[in-house]
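Only one structure is covered here, and it is reproduced in the block below.
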Amino acid sequence: MIKLTGAILIIIATTWTGFEAARRLSERTRQLRNLKSALLSLEAEIMYGHTPLHEASRRLAGQMPEPLAAFFASFADRLTNTETTVKVAWEDSLSELRRNAALKSGELEIMRQFGETLGRHDKTSQQKHIQLTITHLEREEADAKEKQMKYEKMVKSLGFLSGLLLVILLI
Amino acid sequence: MGLEVDIIFKIAGVGIVVAFLHTILDQVGKKEYAQWVTLFGFIYILFMVASIVDDLFQKIKSVFLFEG
Numbered sequence: 132m133i134k135l136t137g138a139i140l141i142i143i144a145t146t147w148t149g150f151e152a153a154r155r156l157s158e159r160t161r162q163l164r165n166l167k168s169a170l171l172s173l174e175a176e177i178m179y180g181h182t183p184l185h186e187a188s189r190r191l192a193g194q195m196p197e198p199l200a201a202f203f204a205s206f207a208d209r210l211t212n213t214e215t216t217v218k219v220a221w222e223d224s225l226s227e228l229r230r231n232a233a234l235k236s237g238e239l240e241i242m243r244q245f246g247e248t249l250g251r252h253d254k255t256s257q258q259k260h261i262q263l264t265i266t267h268l269e270r271e272e273a274d275a276k277e278k279q280m281k282y283e284k285m286v287k288s289l290g291f292l293s294g295l296l297l298v299i300l301l302i
Numbered sequence: 015m016g017l018e019v020d021i022i023f024k025i026a027g028v029g030i031v032v033a034f035l036h037t038i039l040d041q042v043g044k045k046e047y048a049q050w051v052t053l054f055g056f057i058y059i060l061f062m063v064a065s066i067v068d069d070l071f072q073k074i075k076s077v078f079l080f081e082g
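Encoded structure:
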């Protein structure tokens, strides 16, 4: 009886690990897509709404799903409440995002470089920088999508099968 | 006798799972990992079989050579 319970627990644990890894893969593509649309909205706010940056990012925080909502909310909060530059505030918020999101260092680096340009140029070159960042993010998204297609199923079945193997070896 | 049947099923189980792992890893293009998994499964089963065969030889020795 104890053996059976242990076996079931092992299989559940490894299967869960597999599904969690698969979720991370699909989460990354979703968050990259959201990030892209967030930048598009930011561009629209800047170009057509003439919105100041903290106001724009507060609006984005309302529109975006988590974890980007928290990212833009904390960015807006830093801009309004603390005495800091946009670059520093952006990087601080980005390091918070790194902990909560499934994003990899490639796209975080792209976002960091985007933060360096944010708020330092006039409207049209700001728009160009946003377009450039979106192009980079699209490349990362294609990469993430390809990885998801390739590995999602593998990771799931790998989790279950390794649990099964472990159980057989231990019995 | 019960022990032997148990071990045969265990070997079959390991074989099936390793075969599945091999196919899945092969499909996503991780050929080298697939080969390692198969190799380790093979080695594990080889050890198991070796210990059983050792048992058999001990038994034969004790029957025909009248040793402990």
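Line by line, the protein sequences give chains A and B.
Here this note's numbering = 1-based position in the first sequence + 131.
Here this note's numbering = 1-based position in the second sequence + 14.
Yeah, the Cβ is synthetic: ideal placement off N, Cα and C, and Gly gets one too.
Bear in mind the structure is a predicted one, so any value in this text is a computation, not a measurement.
Around Met178 of chain A, the same chain offers Lys254, Gln258 as residues with beta carbons nearer than 8 Å, after the five sequence neighbours per side are excluded.
Contacts with chain B (Cβ-Cβ distance below 9 Å) from the stretch 267-296 of chain A involve Lys281, Tyr282, Lys284, Met285, Ser288, Leu289, Leu292, Ser293, Leu295, Leu296, listed in chain order. Between Val31 of chain B and Leu289 of chain A, the beta carbon gap of about 11 Å keeps them out of contact (Cβ cut-off 8 Å).
Within the same chain, Gly149, Phe150, Ala153 come within 7 Å of Lys287 of chain A by CB-CB distance, once the 5 residues on both sides are set aside.
Contact between the stretch 206-216 of chain A and the stretch 183-195 of chain A is present, with at least three C-beta pairs closer than 8 Å.
Rounded to whole angstroms, Val217 of chain A and Glu227 of chain A show a C-alpha spacing of 15 Å. Collapsing the DSSP output to three states places Met285 of chain A in a helix. For the stretch 20-40 of chain B, the set of positions with a beta-carbon nearer than 8 Å to some beta-carbon of chain A reads Lys24, Gly27, Val28, Val31, Val32, Phe34, Leu35, Ile38, Leu39 in chain order. For Val63 of chain B, no CB of chain A lies under 9 Å from its own CB, so it is not counted at the interface with that chain. At a cut-off of 9 Å between beta-carbon atoms, Ile265 of chain A makes no contact with chain B. Counting the other CB atoms within 10 Å of its CB gives Ser65 of chain B a total below 16, which places it among the exposed residues.
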